[in-house]
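Participant: Provided herewith is a single structure, encoded as structure tokens, for subsequent inquiry.
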Amino acid sequence: MKVLITGSAGFIGSALSIRLLDRGDTIVGIDSHNDYYDPALKEARLARHSDHPNYTHIRMNLNNREAMAKLFQDEKFDSVVNLAAQAGVRYSIENPLAYIDTNVVGFGHILEGCRHNSVKHLVYASSSSTYGLNTKQPFSVHEGTDHPVSLYAATKKANELMAHSYSHLYRLPTTGLRFFTVYGPFDRPDMALQKFTRAIVKGEAITVYNFGKHKRDFTYIDDIVEGIIRVLNRPATINPHWDGNKPDPATSSAPYRVYNIGNNNPVDLLDYIEALENSLGIKADKKLLPLQPGDVPDTYADVDDFVEEFGYKPLMNVKEGVENFVSWYREYHDL
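Take this note's numbering: the last position of the sequence shown gets the number 556, and nothing is skipped along the way.
Written out as structure tokens, the structure reads:
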């Protein structure tokens, strides 16, 4: 296939690019290379695959309407994987318009590109944060998600709604993937694992919110990428049994689907930190603080639909996954 990957110098986008190139696909990657975090990390990720003969990289922002339209017209993609987004729950409280520009306006440009250029399948990143104030666990895609607690989560919910309208009106197959706390080598510096590691190796205290009582469905990067590839291979189809009297949020009478991709095994945040301490061989000095605005206490993915339809469930345990991350971190920072 010829695939457009947005956010191709990002954590997930780069890893996905490598896997798809390895299997013989042609990839066009776009990334804005903004300075939300150290751009050198994006360059390091990109260096792993930028010289592949079947890879083309374009530095572009999704909210550039004319450039996006021309890209779709020129390249004629078979499929699109949208992983570009302004990320981070807490930053969305400080700078909400950055999320509107990329996550909503930019996503609209992707939908338009797909609509006008016969794209066969749009796969896009949603988030476990869409579950917001929901407390019934494990979180199911068949439950409503109408009470987000951050603008970041609201933009991801908006993506799902926008995608459905295009699936309904234009019969564009769209699949949304709600990722659950992705971690691993090359992850973002603003994510907990890198923040904790950076502080611990410097002998500084780590800030632990909700007094460490968080539970997270930590999902390793390789498991996420495997899930994306399986979905990409099978465009969304209509649910012939969908009933407007009892509307199922995860399916539709249009070619539209939403799935969770999570480890289906929540881990206490303090146990996650302990795995990191053991891998580093250093005890952390913990500064315990209350739950922060925009955070949810626990996440837990119901992945039954994904297992049934794609025959796959994330496999990596936290202990091994954290060890892999620490090995990468030591090498990357020459420790």
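Note that CB positions come from ideal geometry on N, CA and C, so glycine has one too.
Give me the Cα-Cα distance between G532 and V446, rounded to the nearest whole angstrom.
Facilitator: 15 Å
Participant: Does DSSP classify D555 as helix, strand or coil?
Facilitator: coil
Participant: Taking the straight line between their C-alpha atoms, what separation do you get for N355 and V302?
Facilitator: Looking at the two C-alpha atoms, the distance is approximately 28 Å.
Participant: How long is the line joining the alpha carbons of R551 and R266, rounded to whole angstroms?
Facilitator: 16 Å
Participant: Tell me the DSSP secondary structure of Y257 in three-state form.
Facilitator: Three-state result, Y257: coil.
Participant: Pick helix, strand or coil for K436, following the three-state DSSP scheme.
Facilitator: strand
Participant: Who pairs with H342 in a beta bridge, going by DSSP?
Facilitator: H342 pairs with S300.
Participant: So which of G465, N454 and D489 has the shortest CA-CA distance to F432?
Facilitator: D489
Participant: Between the Cα of L398 and the Cα atoms of A384, P406 and D506, which residue gives the shortest distance?
Facilitator: That would be A384, whose Cα lies nearest to the Cα of L398.
Participant: Taking the straight line between their C-alpha atoms, what separation do you get for K436 and T472?
Facilitator: 28 Å
Participant: Does the distance from the CB of A290 to the CB of Q307 come in under 7 Å?
Facilitator: no
Participant: Taking the beta strand (DSSP E) that K508 belongs to, which residues open and close that run?
Facilitator: K507 to L509
Participant: At which residues does the alpha helix (DSSP H) containing F527 begin and terminate?
Facilitator: Residues D525 to F531.
Participant: Are there 16 or more other CB atoms within 10 angstroms of the CB of H363, so buried, or fewer, so exposed?
Facilitator: exposed
Participant: Where does H278 sit, in a helix, a strand or coil, going by DSSP?
Facilitator: strand
Participant: Does T351 come out as helix, strand or coil in the three-state DSSP assignment?
Facilitator: helix
Participant: Run the CB neighbour count on T351, radius 10 Å, all protein chains shown included, and call it buried at 16 or more, exposed below.
Facilitator: buried
Participant: With 16 as the cutoff for other CB atoms within 10 Å, does R409 come out buried or exposed?
Facilitator: buried
Participant: Measuring alpha carbon to alpha carbon, tell me which residue in L414, Y477 and Y521 is nearest T428.
Facilitator: For the residues L414, Y477 and Y521, the minimum Cα distance to T428 belongs to L414.
Participant: Among residues of its own chain, excluding the 5 on either side of W549, which ones have a beta-carbon nearer than 6 Å to its beta-carbon?
Facilitator: P406
Participant: Less than 7 Å between the beta carbons of F298 and L225, yes or no?
Facilitator: yes
Participant: If we ignore side chains and look at the alpha-carbon of each, how far apart do T395 and T227 end up?
Facilitator: 15 Å
Participant: Roughly how many angstroms lie between the CA atoms of L184 and E530, to the nearest whole one?
Facilitator: The structure shown does not extend to residue 184, since the chain spans only 222 to 556, so no value can be given for it.
Participant: Got a sec, what are the start and stop residues for the beta strand (DSSP E) F400 sits in?
Facilitator: T395 to F400
Participant: Roughly how many angstroms separate the alpha carbons of L390 and Y553, rounded to a whole number?
Facilitator: Cα to Cα, L390 sits roughly 47 Å from Y553.
Participant: Are S349 and F417 close, meaning C-beta to C-beta below 7 Å?
Facilitator: no
Participant: Return the residue from the list K540, N538, I233 and I314 that minimises the CA-CA distance to T376.
Facilitator: I314
Participant: For E333, is the beta carbon positioned less than 6 Å from some heavy atom of the ligand ATP?
Facilitator: Although the ligand ATP was asked about, the structure shown includes no ligands whatsoever.
Participant: For the putative contact between T440 and I482, defined by C-beta atoms under 8 Å, what is the C-beta separation to the nearest angstrom?
Facilitator: 7 Å
Participant: Quick one: is K197 buried, meaning 16 or more other Cβ sit within 10 Å of its Cβ, or exposed?
Facilitator: There is no way to answer for residue 197, as the model of the chain reaches only from 222 to 556.
Participant: What's the gap between the Cα of D243 and the Cα of T277?
Facilitator: 15 Å
Participant: From A560 to D444, what distance separates their C-alpha atoms?
Facilitator: Missing from the structure shown is residue 560; the chain here goes from 222 to 556 and no further.
Participant: Report the residue ranges of all alpha helix (DSSP H) runs contained in full by the segment 456-516; include only those spanning at least 4 residues, in chain order.
Facilitator: The qualifying runs are 490-501.
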